[in-house]
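Residue numbers (full-length UniProt numbering): 1 to 316. For every residue, glycine included, the Cβ atom is placed at its ideal position computed from N, Cα and C. Some notes on the structure that comes next.
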Amino acid sequence: MTQRLFTIKEVAMQTGLSTQLIRKWEERYRAVAPERMANGYRGYSKQDIDILRWLKKRVDAGVPIGMAVLEQQNPEGEAHAGAESQRPMWTISPDEKPAALEWQEPIEQLLDYFEKLDLNGAQRLYEQLVSIHHMEHILMEILEPALIELGERWARHEISEYQEHFGSHFIRDKLLALRNLFRPSPDSPLLVTACGPGERHELGILFIGFFALQLGYRVIYLGASPSEKGIFDCLAEMKPDAFTFSFATTPPLEAALPFLKELDRKIAEVSPHTMVFIGGRAIGEEGLLPGTQRVYRIRGNARLSVEMIKSRLTEK
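And the structure:
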């Protein structure tokens, strides 16, 4: 016997959901996949109604709809498992996704947790994302955009400084924890990373450190605004393959120009193979820093910056 199909209004009455919300869950999250009836209207099965009821219970319990859909189609929950085509957009692996990738849902959820100072919620979401995606995609498609949006909301006075700091430190802690996942060879090239002198925005250089570790480099992180003497001592004692400094704002970069030229001079004396790279939002153009022989300006996101560093180091 042909299974009866229900109209969206009937589904709304049986589930307690509005027709608008049903359409949103269907179109944005692929929660259900209704058929088209002869008259062209959506036709929902009994299974669709059961799924929507279950999702409503999860959302009412405080679970974000994106996470609820993920739970519903989890193979461990056969009673609520949907078809492959019902997966929400942001749970499909990066290689499967179309160019217009909808990462906005987890980004918005993360930002919402940051604004509420909800550490447990942010941690649960992060753990869910780690179970689904490669770490590289979490960094580049979720954490980095969330960080940028967080800063922009603070600049627009939409959130307070304490909320921006909470979110930034959450991401910082994750990046620092990732360092423990890597065991580079003792013979690998040594990259010393730090914020530039006077610069306290750490996250950009921490992203660079992650991708450098991923490529097999040994990475030493000196932190925010290290002293010039400390950097000179590190050069003399460690003789690294490269220093990489980040500058998120222009004033510290301009103030650091004499230091960078002095570092270039000292490298020629004590460690001629060492190179210096400076990156970050304050860098306006690429290429050799005027007045130096070994200080290169790099632009782009962390992954591209590390590729440029690798290219330079392999050329020398």
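Contained beta strand (DSSP E) runs [length at least 3] in the stretch 189 to 250, N- to C-terminal order: If one requires a minimum length of 3 residues, the beta strand (DSSP E) runs lying completely within the stretch 189 to 250 are 190 to 195, 218 to 221, 242 to 246, in chain order.
Rounded separation between isoleucine 220 and leucine 190 - CA only: 8 Å
Assigned secondary structure, valine 276 (DSSP; H/G/I helix, E/B strand, else coil): Valine 276 falls in the strand class under three-state DSSP.
Residue nearest to isoleucine 205 in terms of C-alpha spacing, selected from Gly284, Met37, Glu286, Phe277: Phe277
Pair within 8 Å by beta-carbon distance, leucine 147 and isoleucine 171: yes
Contact belief for leucine 70 with leucine 17 at Cβ below 8 Å, rounded distance in angstroms: In fact, because the Cβ distance is near 19 Å, the residues do not count as touching under 8 Å.
Terminal residues of the beta strand (DSSP E) in which tyrosine 162 lies: That residue, tyrosine 162, is in no beta strand (DSSP E); its alpha helix (DSSP H) goes 161 to 178.
The stretch 237 to 257 / the stretch 199 to 218 touching (three or more Cβ pairs under 8 Å): yes
DSSP-derived helix/strand/coil call for phenylalanine 182: coil
Inter-stretch contact (C-beta, 8 Å, three-pair minimum) for the stretch 23 to 32 and the stretch 45 to 60: yes
Cα-Cα separation, alanine 236 to arginine 294: 16 Å
Burial state of aspartate 187 (16 or more Cβ within 10 Å): exposed
Sequence-distant residues of its chain with Cβ nearer than 6 Å to leucine 304 (five each side left out): Excluding positions up to five away in sequence, the list is empty.
Test item: CB-CB of glutamate 199 and serine 168 under 8 Å: Serine 168 sits away from glutamate 199, with the two beta carbons spaced by 8 Å or more.
Own chain, CB closer than 6 Å to glutamate 164, minus 5 neighbours either side, in chain order: Leu150, Trp154
Cβ-based neighbour list, leucine 313, same chain, cut-off 7 Å, excluding 5 preceding and 5 following: Pro189, Asp241, Ala242, Met275
Span of the beta strand (DSSP E) around arginine 297: 295 to 297
Residues bridged to tyrosine 113 (per DSSP): According to DSSP, tyrosine 113 bridges with nothing at all.
As assigned by DSSP and simplified to three states, the class of glutamate 152: helix
Identity of the residues DSSP links to phenylalanine 6 by a beta bridge: Tyr44
Nearest-angstrom Cβ-Cβ length linking aspartate 264 and threonine 292, presumed shorter than 8 Å: 4 Å
Alanine 61: first and last residue of the uninterrupted alpha helix (DSSP H) it sits in: Note, alanine 61: premise wrong, no alpha helix (DSSP H); not H, not E.
Reference leucine 215, options Ser160, Ala302, Tyr44, closest by Cα: Looking at the Cα atoms, Ala302 is the closest of the given residues.
Residues that leucine 288 bridges to, as DSSP identifies them: Tyr296
Run of the alpha helix (DSSP H) containing glutamine 123, from where it starts to where it stops: 119 to 132
Identified DSSP bridge partners for residue 322: Any question about residue 322 goes unanswered here, given that the chain covers just 1 to 316.
Supposed close pair alanine 285, phenylalanine 259 - CB separation, criterion 8 Å: Before going further, note that residue 285 is glutamate rather than alanine in the sequence given. That pair is no contact at about 20 Å.
Integer Cβ distance of proline 106 from leucine 125, believed to fall under 8 Å: 7 Å
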